[in-house]
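Under my numbering, the first residue of the sequence shown carries the number 43, and numbering increases by one thereafter. Beta carbons are placed, not taken as given, at the ideal position from N, Cα and C, and that holds for glycine. So the structure is just underneath, and the comments pick up after that.
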Amino acid sequence: MEIFELVRRNIEKAAQDQARHYNLRRRPWKPKVRETVWAKEHHLSKAAEGFAAKLAPRFDGPYTIKKFTSPVICVLEHKTTKKEKTAHISDLKPGSADADGPGDFEE
């Protein structure tokens with residue numbers, strides 16, 4: 043039985059080390075209502091139409107956050123088309139309404 047205990051302790055230590063390394067530079071970001079964001083797109087390739095997902099834009103927007111349905115799920119409204127979309131905050135990036143893409147800020 044002692045070998046199983048040793049293995050369990052080693053697995054727990056490895057998990058703690060990996061979690062510490064992963065969280066080292068992680069900074070939490072909590073968007074607010076009426077903030078401008080860009081939402082991640084999830085494309086699928088379509089060979090029949092000649093569409094390659096890896097060449098498609100990764101983010102769509104700009105969107106405005108209308109409300110939160112849970113602490114991590116929000117309802118977005120596109121700034122130009124006014125279409126609504128639901129997204130998890132991990133799929134969002136902060137952005138400017140005037141920018142061409144996420145992180146493309148005017149200075």
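Buried or exposed (CB count within 10 angstroms, at least 16 for buried), residue i
i: Ile107; result: buried
i: Leu118; result: buried
i: Gly137; result: buried
i: Glu149; result: Note that Glu149 scores a pLDDT of 44, beneath 50, so its modelled location is shaky; the value from the coordinates is reported in the next line. When all chains shown are included, Glu149 counts as exposed.
Minimum C-alpha distance to residue i - residue among the options
i: Lys135; options: Lys125, Tyr105 and Phe93; result: Tyr105
i: Asp133; options: Tyr64, Val75, Trp80 and Met43; result: Trp80
i: Lys74; options: Glu44, Pro113 and Glu126; result: Pro113
i: Lys109; options: Val49, Leu48, Ala90 and Lys72; result: Lys72
Nearest-angstrom Cβ-Cβ length linking residue i and residue j, presumed shorter than 8 Å
i: Asp59; j: Glu83; result: Between Glu83 and Asp59 the Cβ distance is about 34 Å, and since that is not below 8 Å, they are no contact.
Distance, residue j Cα to residue i Cα
i: Lys55; j: Ala129; result: 34 Å
i: Leu97; j: Asn52; result: 42 Å
i: His85; j: Ala95; result: 5 Å
i: Cys152; j: Arg69; result: Outside the displayed span of the chain (43 to 149) sits residue 152, for which this structure offers no information.
i: Ser125; j: Leu48; result: It should be noted that the sequence gives Lys, not Ser, for residue 125. Looking at the two C-alpha atoms, the distance is approximately 55 Å.
i: His63; j: Met43; result: 31 Å
Legend entry - Completely contained alpha helix (DSSP H) runs for the segment 99 to 126, where each covers 4 or more residues: none
Legend entry - Completely contained alpha helix (DSSP H) runs for the segment 64 to 92, where each covers 4 or more residues: If you keep only unbroken alpha helix (DSSP H) runs of at least 4 residues inside the segment 64 to 92, you get nothing at all.
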